[in-house]
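Shown next, in C-alpha cells, is the structure this report addresses.
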Amino acid sequence: MPERGGRDGRRPDRRRGGGGDRGGRGGGGARGPFRGGRRGGRGGGNNRSNGVADDPMSMDIDDAPTTHTLAPPAAAADDSYKPPLTEAIPQDTPRFADLAGQNLVHPQVIQTITEDLKFDHMMPVQAATLWELLPPHRSDCLVQAKTGTGKTVAFLLPALQTMLTKTLGAAAGNKRDSAISLLVISPTRELAMQIAAEANSLLQRLPKYRVRIAIGGTNKDREERQILDGCDVLIATPGRLIDHMSNEDVLYALRSLDTLVLDEADRLLDMGFMPALREIVGKLPDRKVAPRQGMLFSATIAPHVKQVAGLVLVPGYKFISTIPEGESNTHERVPQHLIKVPDFASVAAGMVGAVRHEVARVGSGAPFKAIVFAPTAAMAGLYGHVLSQIAGLPPVSTLHSRMTQNRRTKITNDYRDSKSAILCATDVIARGMDFPGVTTVFQVGIPSEKQSYIHRLGRTARADAEGKGIFLIAEDEAFFPKWTLKEITFITQDADLSAQPEVARVMERMDEEEKAQIYKAWMGYYNNHMKGLRWDKEELVRQANTYAREALGTPETPTIQRSTVGKMGLRGTRGLNIVPDRPKPPRGNRGGRGGGGR
C-alpha cells in the first residue's frame, strides 16, 4: 500500500526479512567472488558482490517447496515507510469513504484506509472493479491491469470483506479454526510477500485475522505449523502450495475457501505453471458444493490466459480492462540502444563499457539507478562480481532465485531505498516488483522471449518518468533484435571494450569451480536458443569451450557431470570434458529447496 500521506491504493512489501529461516541453497555460504553482500560506496576495491555459484540446470523460477514470518500488522503502517508511486494519484475517482457510506466495507477497514494509510481517492483499477467484486455481487472477473497501478488492493479489499462478512456473521464466541477464506497464488516469492504485507496493512485494526505465506526458500515445516495454527489469508507460490496440499490437514483448512485469486496470471503461465494450477484447482473443494469467487489479474490477455480463466472462473465471468485503448507501452516510448560486441568473450567488457558510459553521461552527483538483467543466476552473479570490482561505479548488488529468502528481501529493500545503485538480476524481478527511480535497464544477452524483454524494460520509465534501455548482445545473437523485436526501433551504439584488461584480471582471481558453474549455465541457456543461433550441438559445445577459455580464462575445458550432459541432450557430442556424477548426499536432511521445477 502506498506511503503515508499518499492517496493511492498500493503498498509494496518493505519489511526486512524476518526471523532466521534458512531453507534453500542461497547466498550465505557461497565461495569466492560470489560470497557476501552488496558492495558499498563508489570506487571498487576488494569488496564482493553477492551471488551464488548455482546449479546451472536449475530454472530461475521463484518457487521451491519449503515459513516466512511476517512482522506484526502494525509494522506495515510505520511512518518510516516510503514506497514508490508508480502511477499519478488521481483526483477524479471515487473516494474510499464512499464504500463506508454504502455499507459495502467494514468500518474498521475503511478507518484503516482513510486514517492510518491516508488513502483518499481510489486508483482507476480499484474504481473500475471494486463494486463488481465486493459483496453482494462477488462476480468472477478477469481483470486486465498493469503492475504498479493499485491492483493488489482491488482484489484484497473484496476478498477480505467477504471473509469479514462471513466470520462476523457467525455465532459470537465460536472458537476460531484454521479455515482459509482467501487463497492468492503468485508467480514469485517477492510478489507474494508484497501481497501479504498489503493484507496485513488492511487488517491492522482487526489483528485476530491471520495472514500467512507459503513460498520457497523458507522452512516448510514451520510454515505448515503456522498455517494449521490459524490462517485466514494464504498467499502462496504454486510449487510450495502443492507441497502443502499433500497434507490432509491443509486440504481440510481449504474446505470452505471463499475466494481464489491468481495474480500476474500471464506470468504464472509464462513460467510454466499451468499443470501446477490444474493440480491445485483439482484439489480444492468442488464449487458446486462449496461456492467461491474467482479473480484473475493479468497485464496481458493472451489465449493461454483465457484458458486458465476457464479453469478458475465460472462460465460467463466478467472481463474488465483498466488499460486505456491505445495507451503506449514502455517499449513504445522509451529510447532503446543496441550494442553489439564481436563475440561472447567480449560481452562482460562491453557491459562494463556501457555502464561506465551511462554513469559518465548522467554526471557525478546525479542519481544513477540501473538494473542489469542476465540470462541465468550464475551469470547475474558473474556480472555483479565484475561490476563490483570496477572503480567509480555506484554500489553493486546481485539478486536471483537461488538465494535464501531473507537475503533476497534485504537486497530488494536496500536497492529500493537507494538513489544510486546497480542491481544485477535475473527475470525474478522483471515483473511484479516496483523500484522507484530506475534510470536505466541493461539487458546483457538475449532474453528467453519477447515478453521477457518488454517486461524487463518496464522496470524503468514508471509513471511516465524518463528512462532508457540498453540491449547488449554478441554478434551471433543479432537474430533476436532483427526478428523477435522487429517492431522496435533501436538506436545503434558503438561498443566500448576498453575494460577488457580489467575484466581479465577479475577472471584471473576467480575460483575454477565457479568458472565451471558459469560455463555450464552458459551452455545450458544457449542450448535452448540453438535454432535462432543456427548452431548444432557440436557448435554449441565449441562456442561454450571458447567462452570458457577466452571469457572466463580457464586453462582447460571445465568438467561437466554425466547426468548434466544427459539433461542437456548432449550425449555423444564431441568436445565435452565429462566426469562421473558426484555421490548423492544421504537422504533425510534435505532442507530448503525441494520439489523440482514446479
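In the UniProt record's numbering, the protein residues as written are 1 to 598.
All residues carry an ideal CB built from backbone N, CA and C; glycine is no exception.
Through-space distance from residue j to residue i, alpha-carbon basis
{"i": "K450", "j": "L485", "result": "7 angstroms"}
{"i": "M122", "j": "F297", "result": "17 angstroms"}
{"i": "F471", "j": "G282", "result": "42 angstroms"}
{"i": "E508", "j": "I390", "result": "15 angstroms"}
{"i": "V341", "j": "L497", "result": "8 angstroms"}
{"i": "M271", "j": "S186", "result": "11 angstroms"}
{"i": "A421", "j": "Q405", "result": "21 angstroms"}
{"i": "E223", "j": "M274", "result": "24 angstroms"}
{"i": "M193", "j": "P436", "result": "18 angstroms"}
{"i": "T149", "j": "P124", "result": "8 angstroms"}
{"i": "D120", "j": "K151", "result": "16 angstroms"}
{"i": "D511", "j": "W522", "result": "17 angstroms"}
{"i": "D417", "j": "V289", "result": "48 angstroms"}
{"i": "P94", "j": "N103", "result": "15 angstroms"}
{"i": "Q500", "j": "I578", "result": "30 angstroms"}
{"i": "E115", "j": "L99", "result": "14 angstroms"}
{"i": "I560", "j": "M163", "result": "53 angstroms"}
{"i": "M433", "j": "T147", "result": "8 angstroms"}
{"i": "I213", "j": "T237", "result": "9 angstroms"}
{"i": "I235", "j": "I195", "result": "7 angstroms"}
{"i": "A360", "j": "A349", "result": "16 angstroms"}
Coarse secondary structure for residue i, derived from DSSP in three states
{"i": "V289", "result": "coil"}
{"i": "Q389", "result": "coil"}
{"i": "L183", "result": "strand"}
{"i": "I113", "result": "helix"}
{"i": "Q561", "result": "strand"}
{"i": "G381", "result": "helix"}
{"i": "G569", "result": "coil"}
{"i": "Q336", "result": "strand"}
{"i": "N174", "result": "Reliability fails at N174, whose pLDDT of 47 lies under 50, so the model's placement of it is uncertain and the value that follows must be treated cautiously. Looking at N174 - three-state DSSP - the assignment turns out to be coil, as it is neither helix nor strand."}
{"i": "G216", "result": "coil"}
{"i": "F119", "result": "coil"}
{"i": "R416", "result": "helix"}
{"i": "T492", "result": "strand"}
{"i": "V105", "result": "coil"}
{"i": "T259", "result": "strand"}
{"i": "K369", "result": "strand"}
{"i": "P583", "result": "coil"}
{"i": "R402", "result": "coil"}
{"i": "M245", "result": "helix"}
{"i": "S448", "result": "coil"}
Same chain, Cβ closer than 6 angstroms to residue i, five either side skipped, listed in chain order
{"i": "T440", "result": "E358, A370 and K468"}
{"i": "V233", "result": "L182, A199 and V211"}
{"i": "N174", "result": "Any answer about N174 is weak, because its pLDDT of 47 lies below 50 and its placement is not dependable; what the coordinates show is given next. The answer is none, since no qualifying residue turns up."}
{"i": "G445", "result": "P375"}
{"i": "T492", "result": "L338"}
{"i": "S563", "result": "D581"}
Selected residue, minimal CA-CA separation from residue i, among the options
{"i": "T259", "options": "P291, D266 and F96", "result": "P291"}
{"i": "P308", "options": "Q493, A197, L117 and V261", "result": "Correcting the residue type first, residue 308 is Val in the shown sequence and not Pro. Of the listed residues, the one whose Cα sits closest to V308 is V261."}
{"i": "D494", "options": "G353, L241, L142 and R225", "result": "G353"}
{"i": "I518", "options": "G101, R189 and G384", "result": "G384"}
{"i": "A504", "options": "A253, N200 and S346", "result": "S346"}
{"i": "L251", "options": "G553, P555, L228 and T93", "result": "L228"}
{"i": "L130", "options": "T112, S256, V153 and T557", "result": "V153"}
{"i": "G392", "options": "F368, D414, K410 and T409", "result": "F368"}
{"i": "S364", "options": "K419, L382 and S388", "result": "K419"}
{"i": "Q543", "options": "F344, G310, D263 and A196", "result": "F344"}
{"i": "D243", "options": "H106, E279 and A348", "result": "E279"}
{"i": "T557", "options": "I213, T218 and L576", "result": "L576"}
{"i": "L552", "options": "L570, Y526, K531 and K520", "result": "K520"}
{"i": "M295", "options": "K567, A179 and V184", "result": "V184"}
{"i": "T218", "options": "A196, K208, R189 and S201", "result": "R189"}
{"i": "V355", "options": "P394, T322 and H106", "result": "P394"}
Supposed close pair residue i, residue j - CB separation, criterion 8 angstroms
{"i": "R456", "j": "P447", "result": "7 angstroms"}
{"i": "V109", "j": "L160", "result": "7 angstroms"}
{"i": "K515", "j": "A548", "result": "7 angstroms"}
{"i": "M403", "j": "V372", "result": "With a Cβ gap of about 16 angstroms, M403 and V372 do not count as contacting."}
{"i": "D581", "j": "L533", "result": "Contact doesn't hold; Cβ gap of about 29 angstroms is too wide."}
Closer than 7 angstroms: residue i CB and nearest the ligand ZN heavy atom
{"i": "E248", "result": "Among the components modelled here there is no ligand, and therefore nothing to report on the ligand ZN."}
Own chain residues within Cβ distance below 7 angstroms of residue i, not counting five before or after
{"i": "D266", "result": "S298, A299, T300, A302 and V305"}
{"i": "T573", "result": "K537, E538 and V541"}
{"i": "Q126", "result": "G9, G150, V153 and A154"}
Sequence-distant residues of its chain with Cβ nearer than 8 angstroms to residue i (five each side left out)
{"i": "R287", "result": "V314"}
{"i": "T426", "result": "D60, F373, A374, P375, T376, A377, A380, L399, H400 and S401"}
{"i": "I320", "result": "A128, T129, E132, C141, L142, V143 and Q144"}
{"i": "P481", "result": "L338, F471, I473, I488 and F490"}
Min CB distance residue i to chain B below 8 angstroms
{"i": "S418", "result": "The chain inventory of the structure shown lacks chain B, comprising one protein chain alone."}
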